[in-house]
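**Q**
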Amino acid sequence: MNLDLGKIQFYWRMVKNKEDEKCDIPAFLDFEFTYDQELNLIKQNTSDLIMNTLEEVYKYNYNVGYLQDGHDLAEGYANDFLNFFIKNKEKVEIKSIFEIGCGGGYLLKKIKDLGEFKITCLDPSPVALKNKEHFDVVSSFYPCEKFKEKVDLIIHYDVLEHIDNPVEFLNKHKRNLQSDGYIMFAVPDCSEYLEMGDISMVLHEHINYFDKESLELTVQKAGFSNIEVEQSKHGGVLYCFAQNRCDSICLTNSSSKKFIDFKSNYESIQKKIDLLIKQYTQENKQIGFYVPLRALPYISKYDNQNFRFFDDDSGIHKKYFDGFDIAIENFNDLSKDPTDVVFVMSCSFGEKIKDKILSNTSVIKVITLKDIFND
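Heads up, the sequence shown is in numbering that gives the first Met the number 0, so the first residue is 0 and it goes up one at a time.
#1: Assign Arg293 to one of three DSSP states: helix, strand, or coil.
#2: Taking Asn359 as part of the alpha helix (DSSP H), name the residues at either end of that continuous run.
#3: Drop a sphere of 10 angstroms on the beta-carbon of Asn373, count the other beta-carbons inside from all chains shown, and report buried for 16 or more, exposed for fewer.
#4: For Ser361, is the classification buried or exposed, using 16 other Cβ atoms within 10 angstroms of its Cβ as the cut-off for buried?
#5: Buried or exposed: where does Pro125 fall if 16 or more other Cβ atoms within 10 Å of its Cβ makes it buried?
#6: Kindly indicate which residue of Tyr319, Lys355, Lys284 and Asp197 has the alpha-carbon position closest to the one of Pro296.
#7: Is it right to say Asp23 is buried, meaning 16 or more other beta carbons lie within 10 angstroms of its own, or is it exposed?
#8: When you compare only the Cα positions, how much space is there between Lys262 and Phe330?
#9: If you measure between the beta carbons of Asn44 and Phe27, is that distance less than 8 Å?
#10: Among Lys220, His205 and Ile206, whose alpha-carbon lies nearest the alpha-carbon of Glu212?
#11: State the DSSP-derived secondary structure class of Gln281, mapped to helix, strand or coil.
#12: Tyr279: which of Phe240, Phe30, Val341 and Glu266 sits nearest, CA to CA?
#13: Can you list, in chain order, the residues of its chain whose CB lies under 7 Å from that of Gly5, leaving out five sequence neighbours each side?
#14: What does a CB cutoff of less than 7 Å around His172 pick up in its chain, not counting 5 residues either side in sequence?
#15: Could you give the residue range of the beta strand (DSSP E) that holds Ile366?
#16: For Tyr265 and Met195, what's the separation of their Cα atoms in angstroms?
#17: Near Pro25, what residues of its chain come up, given a Cβ to Cβ distance below 8 Å and the 5 sequence neighbours on each side ignored?
#18: Given that a residue counts as buried once 16 or more other Cβ atoms are within 10 Å of its Cβ, and exposed if not, what is Arg293?
#19: Please classify Phe223: does DSSP put it in a helix, a strand, or coil?
#20: Between Asp151 and Ile93, which are expected to be in contact by the criterion C-beta below 8 Å, what is the C-beta distance as a whole number of angstroms?
#21: Is DSSP giving Arg307 helix, strand or coil here?
#22: Just to confirm my understanding: we take Gly69, look at its own chain, exclude 5 residues before and 5 after, and list those with CB closer than 8 Å. What are they?
#23: How far does the alpha helix (DSSP H) with Met195 in it reach, from first residue to last?
#24: Could you have a look at His155 and say whether DSSP puts it in helix, strand or coil?
#25: By DSSP, does Met200 sit in helix, in strand, or in coil?
#26: In whole angstroms, what separates the C-alpha of Met0 from that of Ser138?
#27: Give the DSSP bridge partners of Val186, in chain order.
#28: Measure the alpha-carbon distance for Lys21 versus Ser345 and round it to whole angstroms.
#29: Whether or not the segment 305–325 and the segment 277–291 are in contact is what I'm after, with contact meaning three or more pairs of Cβ atoms, one per stretch, closer than 8 Å; do they touch?
#30: Can you tell me whether Glu215 is buried or exposed? The criterion is at least 16 other CB atoms within 10 Å of its CB, across all chains shown.
#31: Which value, in whole angstroms, describes the spacing of the CA atoms of Phe116 and Asn164?
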């Protein structure tokens, strides 16, 4: 059971000058969905090429993700996770913390201010080495032999979706946990995307596309109990807190209905987008995409890239996606030089962005993904 999207843009960075920052990482790679029926989990059907390319990317001096200094999204998402951390910290005693995939240490620096903790962090990227003045740093992928200590809490943010075998990965946490220790982590909440059939969530670096049900089953199968999964109050994130204690596992095979519905809904959305692009192109309308990263899975197949990209993130203004000779513009650029049509590709913030565009620009037509889905 699979869904083949063909070649889509391989996202891992933004560049200021494409000629100055060339590398051997391909700009486009195949992408295919498959289905783990036991976990009721929709995931990427990876290849050796994809996994090897991802491994190379994680070693580069780039801080992958938005929890980093200078990123407009960092503060809101980090503070929301900190509230989840504080709520659960009050229920259990935590003296030692180990973070997997720490990046530049943005989250850990905030956690450090909340109490007296012994903190160790792990990441294979050179970016992580900048944390040495604040924490003990292990430069490696996980699991690794370099870190053999037992801690009270293992945390990670936007890591588990990158792991080819999430059950095995979580189970190996037990090597570094006290017998009554805990795990706390965050993953993208794909619930709404899966229901809609929306592939705007797709990134090659994301292997697993969790909803609440599949995340709970994954953590349970890994041998944890007292599992709490809740949706974030900011953005689309799922938080999990669970104890290193194995209760009886009662997994049952589910039906394939979730995947069948996802595939059918996606094919309907893709067809509608293709028809709209064809219509507006024939009418000589200029087309813009707001939150373009989420547009790329739908439009990577178009050779004629006569589009414009817009985003509110100041950190990517005037930068480029690999494979696209389209500089990212911002809202002021759109106001000064409006397109004829704008597709807003964010599920979480689509209506808010749509209202802002219609209220403050002369753009006549603004279409959100939910407009397309509900049409």
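Beta carbons: idealized from backbone N, C-alpha and C, even for Gly.
**A** Checking against the coordinates, here is how it stands:
#1: Indexing the sequence shown from 1 puts residue 293 at position 294. Helix, per DSSP.
#2: Translated into positions along the sequence shown, residue 359 becomes position 360. Unbroken alpha helix (DSSP H) run through Asn359: Gly349 to Asn359.
#3: As a first step, residue 373 must be located in the sequence shown, where it is residue number 374. So Asn373 ends up on the exposed side.
#4: Start at 1 with the first residue of the sequence shown, and residue 361 comes out as number 362. So Ser361 counts as exposed.
#5: Start at 1 with the first residue of the sequence shown, and residue 125 comes out as number 126. Looking at its Cβ environment, which holds fewer than 16 other Cβ atoms inside 10 Å, Pro125 is exposed.
#6: Within the sequence shown, the letter at position 297 stands for residue 296. The shortest Cα separation from Pro296 among Tyr319, Lys355, Lys284 and Asp197 belongs to Asp197.
#7: Sequence index remark: in the sequence shown, residue 23 carries index 24 (1-based). It is exposed - the Cβ of Asp23 has fewer than 16 other Cβ atoms within 10 Å.
#8: As a first step, residue 262 must be located in the sequence shown, where it is residue number 263. As a first step, residue 330 must be located in the sequence shown, where it is residue number 331. Their Cα atoms are separated by approximately 33 Å.
#9: Start at 1 with the first residue of the sequence shown, and residue 44 comes out as number 45. Start at 1 with the first residue of the sequence shown, and residue 27 comes out as number 28. Result no, Cβ atoms of Asn44 and Phe27 do not sit closer than 8 Å.
#10: Start at 1 with the first residue of the sequence shown, and residue 212 comes out as number 213. Among Lys220, His205 and Ile206, the Cα nearest to that of Glu212 is on Lys220.
#11: Position 282 of the sequence shown, counted from the first residue, corresponds to residue 281. Helix.
#12: Your numbering for residue 279 matches position 280 in the sequence shown. Of the candidates Phe240, Phe30, Val341 and Glu266, Val341 places its Cα closest to the Cα of Tyr279.
#13: Along the sequence shown, read from residue 1 onward, the residue named residue 5 stands at position 6. If we look at Gly5 and ignore the five residues flanking it on each side, its Cβ neighbours are Asp29 and Lys300.
#14: As a working note, residue 172 is residue 173 in the sequence shown. If we look at His172 and ignore the five residues flanking it on each side, its Cβ neighbours are Ile153 and Ile182.
#15: Within the sequence shown, residue 366 is the residue found at index 367, counting from 1. It spans Lys364 to Thr367 - the beta strand (DSSP E) in which Ile366 sits, taken as one unbroken run.
#16: As a first step, residue 265 is located in the sequence shown; it is residue number 266 there, counting from the start. As a first step, residue 195 is located in the sequence shown; it is residue number 196 there, counting from the start. Each residue's alpha carbon lies about 7 Å from the other.
#17: In the sequence shown, counting from the first residue as 1, residue 25 sits at position 26. Here the set comprises Phe9 and Thr52.
#18: Residue numbering aside, residue 293 sits at position 294 when the sequence shown is read from its first letter. Classification for Arg293: buried.
#19: The residue labelled residue 223 in the question sits at position 224 within the sequence shown. Three-state DSSP puts Phe223 in coil, outside helix and strand.
#20: The residue labelled residue 151 in the question sits at position 152 within the sequence shown. The residue labelled residue 93 in the question sits at position 94 within the sequence shown. So it is a contact: roughly 5 Å between Cβ atoms.
#21: Position 308 of the sequence shown, counting from 1, holds the residue named residue 307. If DSSP states are grouped into helix, strand and coil, Arg307 belongs with the strands.
#22: Position 70 of the sequence shown, counted from the first residue, corresponds to residue 69. Bear in mind that the predicted position of Gly69 carries a pLDDT of just 46, short of 50, making it unreliable; the figure below should be weighed with that in mind. Once the five neighbours on either side are set aside, the close Cβ partners of Gly69 are Gly314.
#23: Position 196 of the sequence shown, counted from the start, is the residue given in the question as residue 195. Ser190 to Met195 is the span of the alpha helix (DSSP H), which, as asked, contains Met195.
#24: Translated into the one-based positions of the sequence shown, residue 155 becomes position 156. His155: strand per DSSP, three-state reduction.
#25: Taking the sequence shown and counting its residues from 1, one reaches residue 200 at position 201. Three-state result, Met200: helix.
#26: Here the question's residue 0 lines up with position 1 in the sequence shown. Here the question's residue 138 lines up with position 139 in the sequence shown. Roughly 38 Å separates the two Cα atoms.
#27: On the sequence shown, position 187 is the one that residue 186 refers to. DSSP lists Leu237 as the beta-bridge partner residues of Val186.
#28: Position 22 of the sequence shown, counting from 1, holds the residue named residue 21. Position 346 of the sequence shown, counting from 1, holds the residue named residue 345. Cα to Cα, Lys21 sits roughly 29 Å from Ser345.
#29: Touching, yes, given that three or more Cβ pairs across the two stretches are closer than 8 Å.
#30: What you label residue 215 is simply residue 216 of the sequence shown in a count that begins at 1. Its Cβ being crowded by 16 or more others within 10 Å, Glu215 is buried.
#31: Your numbering for residue 116 matches position 117 in the sequence shown. Your numbering for residue 164 matches position 165 in the sequence shown. Whole-angstrom Cα-Cα distance: 30 Å.
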